[in-house]
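*Asks:* Going down the list, the protein sequences come from chains R and X. All residue numbers for the first sequence refer to our numbering, where the first residue is 229 and numbers rise by one. All residue numbers for the second sequence refer to our numbering, where the first residue is 229 and numbers rise by one. Built from N, CA and C at the ideal position, the CB exists for glycine as well. Predicted model, so just to flag it, every value in this text is computed and none were measured. Below you will find the structure I want to go over with you.
Protein chains: 2
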Amino acid sequence: LARNADIKVVVDDADNARDISAAAIASKSQIGVLVDVNIRIDRCGVEPGEPTTTLAKIVDGLPGLNFEGLNGYEGHVFGLGDERIPETLEALEKLQFAVAEVKAAGLPVGTVSAGGTSTHDITSKVPEVTEIQAGSYIFMDGQYVDQELAFGPALTIMTQVISRPVADRAILDVGLKSIANDYGPPRVMGLDGAEFTKLSEEHGTLALEESAQGLVHGDVVHLLPSHAGTTINIHDYYFCVRNGILEDVVEVAGRGKFR
Amino acid sequence: LARNADIKVVVDDADNARDISAAAIASKSQIGVLVDVNIRIDRCGVEPGEPTTTLAKIVDGLPGLNFEGLNGYEGHVFGLGDERIPETLEALEKLQFAVAEVKAAGLPVGTVSAGGTSTHDITSKVPEVTEIQAGSYIFMDGQYVDQELAFGPALTIMTQVISRPVADRAILDVGLKSIANDYGPPRVMGLDGAEFTKLSEEHGTLALEESAQGLVHGDVVHLLPSHAGTTINIHDYYFCVRNGILEDVVEVAGRGKFR
Numbered sequence: 229l230a231r232n233a234d235i236k237v238v239v240d241d242a243d244n245a246r247d248i249s250a251a252a253i254a255s256k257s258q259i260g261v262l263v264d265v266n267i268r269i270d271r272c273g274v275e276p277g278e279p280t281t282t283l284a285k286i287v288d289g290l291p292g293l294n295f296e297g298l299n300g301y302e303g304h305v306f307g308l309g310d311e312r313i314p315e316t317l318e319a320l321e322k323l324q325f326a327v328a329e330v331k332a333a334g335l336p337v338g339t340v341s342a343g344g345t346s347t348h349d350i351t352s353k354v355p356e357v358t359e360i361q362a363g364s365y366i367f368m369d370g371q372y373v374d375q376e377l378a379f380g381p382a383l384t385i386m387t388q389v390i391s392r393p394v395a396d397r398a399i400l401d402v403g404l405k406s407i408a409n410d411y412g413p414p415r416v417m418g419l420d421g422a423e424f425t426k427l428s429e430e431h432g433t434l435a436l437e438e439s440a441q442g443l444v445h446g447d448v449v450h451l452l453p454s455h456a457g458t459t460i461n462i463h464d465y466y467f468c469v470r471n472g473i474l475e476d477v478v479e480v481a482g483r484g485k486f487r
Numbered sequence: 229l230a231r232n233a234d235i236k237v238v239v240d241d242a243d244n245a246r247d248i249s250a251a252a253i254a255s256k257s258q259i260g261v262l263v264d265v266n267i268r269i270d271r272c273g274v275e276p277g278e279p280t281t282t283l284a285k286i287v288d289g290l291p292g293l294n295f296e297g298l299n300g301y302e303g304h305v306f307g308l309g310d311e312r313i314p315e316t317l318e319a320l321e322k323l324q325f326a327v328a329e330v331k332a333a334g335l336p337v338g339t340v341s342a343g344g345t346s347t348h349d350i351t352s353k354v355p356e357v358t359e360i361q362a363g364s365y366i367f368m369d370g371q372y373v374d375q376e377l378a379f380g381p382a383l384t385i386m387t388q389v390i391s392r393p394v395a396d397r398a399i400l401d402v403g404l405k406s407i408a409n410d411y412g413p414p415r416v417m418g419l420d421g422a423e424f425t426k427l428s429e430e431h432g433t434l435a436l437e438e439s440a441q442g443l444v445h446g447d448v449v450h451l452l453p454s455h456a457g458t459t460i461n462i463h464d465y466y467f468c469v470r471n472g473i474l475e476d477v478v479e480v481a482g483r484g485k486f487r
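In structure tokens form, the structure reads like this:
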């Protein structure tokens, strides 16, 4: 792949870097490498300072690899409210420190990648950062609505009413197999007084206030998922609608590719 | 489809029954119909007694439809512990009442379908019940382990360690896009002292006690998902292993068919 395209991989381990180097040599290609720095999410990544600089030097010295810079991710700030800005800047200070240390060791740091959709407006103002990983801005979802970011939601799930057993309850043909619930239930779009009380495997249960009790069997209800990432993953196609007209059908090409 | 196979549909609405009748006539077929009874889960279904009997009579009178019996589901008892048996029997008394009423109205009730995996051993002892909907027994999953049912788990997800940043933390190549979390995090199989602290979109974070700290990059870790239903839905194939040998690869034929 690296012979035909400019790919970059992120590493946080010297043995892993050596394996990638061996693979690059075997396939006669060069692979760009960023070193992953733990700036507070406490998932992957080496610590800023000496551990980052040491790994950067190892990568720089390995044949087949080009050391290109550092990667950080301040994903832990999600949902922090007022603390979002200071917490993001505090995490990025660690990344700035790591960049300074690597540069002081004599290595050029071409790429500094960081940020997410919820911090794009904070992280993009930090001078060292050259790349923002804000992949969700294209769709947005329910979890971002209350954060008042500059992007509107563009991904909804179309469902139908399949049962109206009593006046204040409607059942939709949607469940955990067709919409994600990991950041909470979906929001009902364009219909006041309808709220999820339960999302089962194959059923969605809505509690209806009087304003929404006109719903009947077969009515279409549009939902805004709380999490686009884990909703897209269970669908095969995007149906692209503009002004009520279906303009395109796009395959979700990455779906199921984790095996 | 009904011309070639014996299919049965469940209805809880007279208009819906009329639509199915019209479709059956148009395609010159006969469709078997069960009436859905709400026996306490408060999702779909008509109330037992008069509403059930009235709908059964309507179905019985519609051309193209064969009234075959009643459907109930006591899924609300899941996780009730000691209350599981009395709560299940109480719900089934409603179904027994509905059956008696429909029979008293002169209609034969051939099928009485109820039960789930967690109540199969209770519901199957109720004399009126002719069919148990216990689909999960074939795989089982983490949510059932503590219920000590008669079936063992047969579905696991194979993952690998992709990062070992510190002694007491390992990161797996598993996340919400490859394993369900709706009944809690997965369990780690065959490795003492490893527990999930977080399941992100693409990463799984394990806290490791000393007994599990020998894990290194690339080690394989098998996970028991808490919910098989919503895990299978995001995979394309079952890989069938017996005594460590891959014997078959079976497509998950129903995946993505909700659109």
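Along the chain, where does the alpha helix (DSSP H) that runs through X:I313 open and close?
*Replies:* Unbroken alpha helix (DSSP H) run through X:I313: 312 to 332.
*Asks:* With distances taken between CB atoms, is the gap from R:A333 to R:V265 smaller than 8 Å?
*Replies:* Not closer than 8 Å, so no.
*Asks:* Determine the contact status of R:R268 and R:H304, defining contact as a CB-CB distance below 8 Å.
*Replies:* Yes, the pair counts as a contact, with Cβ atoms nearer than the cut-off.
*Asks:* Given that a residue counts as buried once 16 or more other Cβ atoms are within 10 Å of its Cβ, and exposed if not, what is R:M417?
*Replies:* That one is exposed.
*Asks:* So if DSSP puts R:M386 in a beta bridge, which residue, or which two residues, is it bridged to?
*Replies:* R:H450.
*Asks:* Measuring CA to CA, which of X:A378, X:G277, X:A233, X:P276 is closest to X:Y365?
*Replies:* When each option's Cα is compared against that of X:Y365, the closest is X:A378.
*Asks:* With distance defined between alpha-carbon atoms, name the residue in R:D447, R:H431, R:N409 nearest to R:Q388.
*Replies:* Considering only alpha carbons, the answer is R:D447.
*Asks:* Just to confirm, is the Cβ distance from R:F443 to R:P414 under 8 Å?
*Replies:* With the sequence shown as reference, residue 443 of chain R is identified as Leu, and Phe is not the correct amino acid for it. Not a contact, by the Cβ cut-off of 8 Å.
*Asks:* Within 10 angstroms of the Cβ of R:T458, are there 16 or more other Cβ atoms? Answer buried if so, exposed if not.
*Replies:* Counting Cβ neighbours within 10 Å, R:T458 comes out buried, since at least 16 surround it.
*Asks:* To which residues of the same chain is X:D270 closer than 6 Å at the C-beta, ignoring the five residues directly before and after it?
*Replies:* The answer is none, since no qualifying residue turns up.
*Asks:* So X:E253 and X:P291 are in contact, right, with Cβ under 8 Å, and what is the actual spacing, rounded?
*Replies:* In the sequence as displayed, the identity of residue 253 of chain X is Ile instead of Glu. About 6 Å; that satisfies the 8 Å criterion.
*Asks:* Kindly confirm or deny that the stretch 342 to 352 of chain X and the stretch 305 to 315 of chain X touch, where touching means at least three C-beta pairs closer than 8 Å.
*Replies:* Cβ pair count under 8 Å is three or more, so yes.
*Asks:* Considering only residues of the stretch 231 to 267 of chain X, which uninterrupted alpha helix (DSSP H) runs meet the minimum length of 4 residues and lie entirely inside it, listed in chain order?
*Replies:* Fully enclosed alpha helix (DSSP H) runs of 4 or longer: 242 to 254.
*Asks:* Answer with yes or no whether the minimum CB distance from X:T316 to chain R is below 8 Å.
*Replies:* No, X:T316 lies away from the interface with chain R (no Cβ there is under 8 Å from its Cβ).
*Asks:* Does any residue of chain R bring its CB to less than 8 Å from the CB of X:T351?
*Replies:* Taking Cβ atoms only, chain R never reaches closer than 8 Å to X:T351, which makes this a no.
*Asks:* Which residue from X:S341, X:G432, X:I360 puts its Cα closest to that of X:I407?
*Replies:* Comparing Cα positions, the closest option is X:G432.
*Asks:* Would X:T316 and X:T358 be called neighbours here (beta carbons separated by less than 8 Å)?
*Replies:* Contact flag unset, no.
*Asks:* Which bits of chain R does X:F424 rub up against, with CB to CB less than 9 Å?
*Replies:* By Cβ distance, chain R contributes nothing, its closest Cβ being about 13 Å from X:F424, past 9 Å.
*Asks:* Along chain C, in chain order, which residues have C-beta atoms closer than 8 Å to that of X:D374?
*Replies:* Checking the listed chains, one finds no chain C in this structure; the protein chains it contains are R and X.
*Asks:* Taking all protein chains shown into account, decide if R:C468 is buried (16 or more other Cβ within 10 angstroms of its Cβ) or exposed.
*Replies:* Result: exposed.
*Asks:* With 9 Å as the limit, tell me which residues of the stretch 301 to 314 of chain X have their beta carbon closer than that to any beta carbon of chain R; keep them in chain order.
*Replies:* Of all residues in the stretch 301 to 314 of chain X, G303 have a Cβ within less than 9 Å of some Cβ in chain R.
*Asks:* Give me, in chain order, the residues of the same chain whose beta-carbon lies closer than 6 Å to that of X:L383; leave out the 5 immediate sequence neighbours on both sides.
*Replies:* Closer than 6 Å at Cβ, skipping near neighbours: F367, A456.
*Asks:* X:S428 and R:D240: beta carbons closer than 8 Å?
*Replies:* No, these two residues do not count as a Cβ contact at 8 Å.
*Asks:* I'd like to know if X:H445 contacts chain R, where contact means its C-beta is closer than 8 Å to some C-beta of that chain.
*Replies:* At least one chain R Cβ lies under 8 Å of X:H445.
*Asks:* Taking R:G370 as the reference, which of R:L323, R:H450, R:K353, R:A435 has the closest Cα?
*Replies:* Looking at the Cα atoms, R:H450 is the closest of the given residues.
*Asks:* How many whole angstroms separate the CB atoms of X:P393 and R:V340, which I take to be in contact at a CB cut-off of 8 Å?
*Replies:* Contact doesn't hold; Cβ gap of about 20 Å is too wide.
*Asks:* Run through DSSP, which three-state label would R:E423 get?
*Replies:* R:E423: strand per DSSP, three-state reduction.
*Asks:* From R:Y466 to R:V477, what does the alpha carbon distance come to, in whole angstroms?
*Replies:* Distance between the alpha carbons of R:Y466 and R:V477: 6 Å.
*Asks:* Using a Cβ-Cβ cut-off of 8 Å, state whether X:N299 counts as contacting chain R.
*Replies:* No, X:N299 lies away from the interface with chain R (no Cβ there is under 8 Å from its Cβ).
*Asks:* Could one say the Cβ of X:V274 lies closer than 8 Å to chain R's Cβ atoms, at least one of them?
*Replies:* At least one chain R Cβ lies under 8 Å of X:V274.
*Asks:* Quick one: is R:L404 near chain X, going by C-beta distance under 8 Å?
*Replies:* Output row for R:L404: interface = yes.
*Asks:* Please say whether X:L335 and X:G300 have beta carbons closer to each other than 8 Å?
*Replies:* No, they are not a contact pair.
*Asks:* Buried or exposed: which applies to X:A233, given that a residue is buried once 16 or more other Cβ atoms fall within 10 Å of its Cβ?
*Replies:* Exposed.
*Asks:* Is R:P393 helix, strand or coil when you go by DSSP?
*Replies:* The answer is strand: DSSP assigns R:P393 an E or B state.
*Asks:* In three-state DSSP terms, what is R:V287?
*Replies:* Helix.
*Asks:* Can you tell which of X:L434, X:I460, X:A481 has the C-alpha that lies nearest to the C-alpha of X:G421?
*Replies:* Closest option to X:G421, Cα to Cα, is X:L434.
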